[in-house]
Amino acid sequence: MTRVQANLLLLLAGAIWGAGFIAQSTAMKSLGPVWFIGLRFAVATLVALPFALWEKARAASPLRRSDLAGFVLTGIALFAAAAFQQVGLLTTTVTNSGFLTGLYVVFTPILTVLLLRRRPHWIVWPAAFMASFGIFLLSGGTLAALTLGDMLTIFCAVLWSVQMICVGVFSGRSGRPLALSLVQFLVCAVVGCGAGLLFEPVSLAAISGALPEILYAGLFSSGVAFIFQNVAQRYTTAPQAAIFLSSEALFAALFGVLLLGETISPAGYAGCAIIFLAMLAVELVPELLRPRRADLPAEA
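My numbering numbers the first residue of the sequence shown as 1334 and each following residue consecutively.
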């Protein structure tokens, strides 16, 4: 897979997540946030299982223990990020949550430098801030006074960055992105359902009421989109991945217009354009500035 193909796959994952944001917010009308996470990732585990078995049959060597430990760590980061985001939605607005979650486009290159000592291409920095500003405009250009839910969502954005960095490291090192998907989904399902049993009431009626949202989030937002992320990040960097995945805000607004009859303000359309320009910059600038060898004819 080329870097362009990988980034397009990440863009598709962002589109799926954008549509799933509606399911995440409406599911909590009948089901607790932790139970929702556990059940959606239980469905995602079933989605990933046959693909992981197919990958295992084709693998040249078995997984190392260090890779498996990395997969579990990725799953813990994923569960923590999803939990902080889902609980945050109880006490913040969807507008604030969408913008504050999108701050991972800024946190990811910062943490990449701090944790991995890897410097991303210089274009990532202005593109990350462009994408964040675009998300801010798309969210309405205003933020209410920060609540506890907002603070939880900011921490969620940091955790999403950690998850992206883990995916980049362990998917690339192991060469087993589908096994990574399976393990991280299983970790989220076990921890989510276990915590739900301890801390949240549940009933068959509550699960039935949220079943469409659970199935969409499990099959597509969790299963398909995260598998796309894990596969694509073998061929691109975490900071670039964060910028392309931030398109979820753009697609969330688009699906809100198409499915819920919402409207986008002129500032919102400007935000869409800025996000798009940020993604174009990350994709095109490194290629345009790459040194090219001149194919000179051999001297006689």
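Beta carbons: idealized from backbone N, C-alpha and C, even for Gly. The model shown is predicted, which means the values in this text are computed figures rather than measured ones.
With 16 other Cβ atoms within 10 Å as the buried cut-off, status of residue i
i: T1441; result: buried
i: F1417; result: buried
i: L1537; result: exposed
i: A1460; result: buried
i: Y1602; result: exposed
i: A1393; result: exposed
i: R1452; result: exposed
i: W1387; result: exposed
i: S1399; result: exposed
i: V1376; result: buried
i: F1412; result: buried
i: F1274; result: Only positions 1334 to 1633 of the chain appear in the structure, and residue 1274 is not among them; the question remains open.
i: G1594; result: exposed
i: V1641; result: Residue 1641 is absent from the model: the chain starts at 1334 and stops at 1633.
i: R1626; result: Caution applies to R1626, whose pLDDT of 48 falls short of 50 and renders its modelled position unreliable; the model cannot decide the point.
Cβ shell of residue i (< 8 angstroms), same chain only, five flanking positions each side left out
i: A1348; result: S1580, E1581, F1584
i: V1516; result: L1401, F1404, V1405, T1407, G1408
i: P1630; result: Residue confidence for P1630 is low, a pLDDT of 47 falling below 50, so the modelled location carries little weight; the figure read from the coordinates is stated next. The answer is none, since no qualifying residue turns up.
i: V1337; result: E1616
i: A1360; result: F1369, A1543, E1546, I1547, A1550
Terminal residues of the alpha helix (DSSP H) in which residue i lies
i: R1336; result: 1336-1360
i: Q1566; result: Run containing Q1566: none; DSSP gives neither H nor E here.
i: S1541; result: 1537-1542
i: R1718; result: Since the displayed the chain opens at 1334 and closes at 1633, residue 1718 lies outside it and no answer follows.
i: L1485; result: 1481-1507
i: W1458; result: 1457-1471
i: G1662; result: The first residue shown for the chain is 1334 and the last is 1633, placing residue 1662 beyond what the model contains.
i: V1446; result: 1437-1449
i: I1409; result: 1398-1421
Residue i vs residue j beta-carbon contact at 8 angstroms
i: L1531; j: F1384; result: no
i: L1492; j: A1410; result: yes
i: T1425; j: G1473; result: no
i: G1604; j: I1468; result: yes
i: C1526; j: G1371; result: yes
i: L1592; j: T1378; result: no
i: I1355; j: F1503; result: no
i: I1576; j: A1464; result: yes
i: V1420; j: P1366; result: yes
i: S1507; j: W1350; result: no
i: T1445; j: P1572; result: yes
i: L1422; j: S1363; result: no
i: L1449; j: A1586; result: no
Cβ-based neighbour list, residue i, same chain, cut-off 6 angstroms, excluding 5 preceding and 5 following
i: A1414; result: C1489, L1492, W1493, Q1496
i: L1342; result: F1561, A1565
i: R1397; result: none
i: M1334; result: Y1568
i: N1645; result: What the structure shows of the chain is the stretch from 1334 to 1633, and residue 1645 is not part of that stretch, so it cannot be assessed.
i: E1533; result: G1365, V1367, W1368
i: A1528; result: V1367
Cβ shell of residue i (< 7 angstroms), same chain only, five flanking positions each side left out
i: L1433; result: D1483, T1486, I1487, A1490
i: R1373; result: I1547, A1550, G1551, S1555
i: P1619; result: H1454, I1456
Quiz item: Would you say the segment 1495-1509 touches the segment 1602-1613, given that touching needs at least three Cβ pairs under 8 angstroms?
Solution: no
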